[in-house]
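Residue numbers (our numbering): 20 to 293.
Beta carbons: idealized from backbone N, C-alpha and C, even for Gly.
None of these values were measured; they are calculated from a predicted model.
This is the structure:
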């Protein structure tokens, strides 16, 4: 309930019952924050929650090397297999692909996978590059209008016939679901492509800024997987820990199996020894 909530300021410590708490942008989905706790004895504990450790985070004045005692770390991609490119590069690649496809066939419907909150940067960048509207369902329309992003808000529409950029659920970026989707608009479009932005995809570098894999392809449907994630890649986690050098790291994701925990702890030991 709103009356039971206290809004904390960003980037400064607020004292709560004797413990200082600071919120730091987590570079994840809109509104996500890391929590930095400072105890009366000076001990610092950082809980990243879901986060993407871009270089800007390491420029934050509250995050200094050799100062943090314990980090509760988002280890979603703490495996050397997940070395995907920076977000900006992947977004640029998606924009480039969509632009090329539409130049080849203007009667192409573009379905971009997203969650209720998350992946906004992908479809917003595509719409900005094409200078067009973005179709979203009514519930997502309400949510996105709360983000205080004027350019994004002005591009949103609940009319699917107003644009060929449609935002769909991540689970809908499959060949059967896309076939169902294009069938609704077959008088206007002859082809549909699905953009699936997820760190779980395995990128195929095609040179330059093109980072994607073709997951499925038929005569009128192609699904492209882009290694876009709002969680840290393996290399970003490595750089984050090597920079901050905490005394202790507690992984928070993929910790159900002892062999995986041991593997992650091996990484941590190596990173802290640098």
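Distance CB(residue i)-CB(residue j) smaller than 9 Å
| i | j | result |
| --- | --- | --- |
| residue 42 | residue 263 | no |
| residue 46 | residue 40 | no |
| residue 216 | residue 155 | no |
| residue 240 | residue 201 | yes |
| residue 128 | residue 236 | no |
| residue 197 | residue 277 | no |
| residue 232 | residue 101 | no |
| residue 116 | residue 268 | no |
| residue 183 | residue 208 | yes |
| residue 250 | residue 218 | yes |
| residue 139 | residue 133 | yes |
| residue 55 | residue 32 | yes |
| residue 159 | residue 135 | yes |
| residue 79 | residue 30 | yes |
Counted within 10 angstroms of its Cβ, other Cβ atoms place residue i as buried (16 or more) or exposed
| i | result |
| --- | --- |
| residue 265 | buried |
| residue 227 | Confidence at residue 227 is low in this model, with a pLDDT of 48, below 50, so the placement of that residue should be treated as unreliable; the coordinate-derived value is given next. When all chains shown are included, residue 227 counts as exposed. |
| residue 93 | buried |
| residue 53 | buried |
| residue 180 | exposed |
| residue 225 | In this prediction, residue 225 has a pLDDT of 42, which is less than 50 and means its spatial position is unreliable; nothing more can be read from the coordinates. |
| residue 289 | exposed |
| residue 270 | buried |
| residue 356 | A query on residue 356 cannot be resolved here, the shown segment of the chain reaching from 20 to 293 and no further. |
| residue 175 | buried |
| residue 72 | buried |
| residue 260 | buried |
| residue 223 | Any reading at residue 223 is ruled out, since the residue's pLDDT is 47, under 50, leaving its predicted position unreliable. |
Three-state class that DSSP yields for residue i in the structure shown
| i | result |
| --- | --- |
| residue 53 | strand |
| residue 223 | Confidence at residue 223 is low in this model, with a pLDDT of 47, below 50, so its placement is unreliable and the value that follows should be read with caution. In this structure, residue 223 counts as strand in the three-state DSSP scheme. |
| residue 270 | strand |
| residue 38 | strand |
| residue 160 | helix |
| residue 87 | coil |
| residue 185 | strand |
| residue 33 | strand |
| residue 92 | strand |
| residue 43 | strand |
| residue 76 | helix |
Limits of the unbroken beta strand (DSSP E) element including residue i
| i | result |
| --- | --- |
| residue 232 | 230-236 |
| residue 65 | 63-66 |
| residue 199 | From DSSP, residue 199 is part of no beta strand (DSSP E) but of the alpha helix (DSSP H) over 194-202. |
| residue 109 | That residue, residue 109, is in no beta strand (DSSP E); its alpha helix (DSSP H) goes 106-123. |
| residue 243 | 240-245 |
| residue 128 | 127-133 |
Span of the alpha helix (DSSP H) around residue i
| i | result |
| --- | --- |
| residue 216 | Per DSSP, residue 216 belongs to no alpha helix (DSSP H); it is in the beta strand (DSSP E), 210-216. |
| residue 281 | 277-291 |
| residue 258 | 253-263 |
| residue 143 | 139-149 |
| residue 171 | 169-174 |
Residue-level contact to chain B via CB, residue i, 9 Å cutoff
| i | result |
| --- | --- |
| residue 78 | The structure shown contains no chain B; it is built from a single protein chain. |
Distance cut-off 8 Å: residue i Cβ against heavy atoms of the ligand MG
| i | result |
| --- | --- |
| residue 73 | As presented, the structure is devoid of all ligands, the ligand MG included, so that no description of it is given. |
The region 78-97 in contact with the region 179-194 per 3-pair CB rule at 8 Å: no
Three CB pairs or more closer than 8 Å across the region 102-118 and the region 238-245: yes
Inter-stretch contact (C-beta, 8 Å, three-pair minimum) for the region 182-190 and the region 97-106: no
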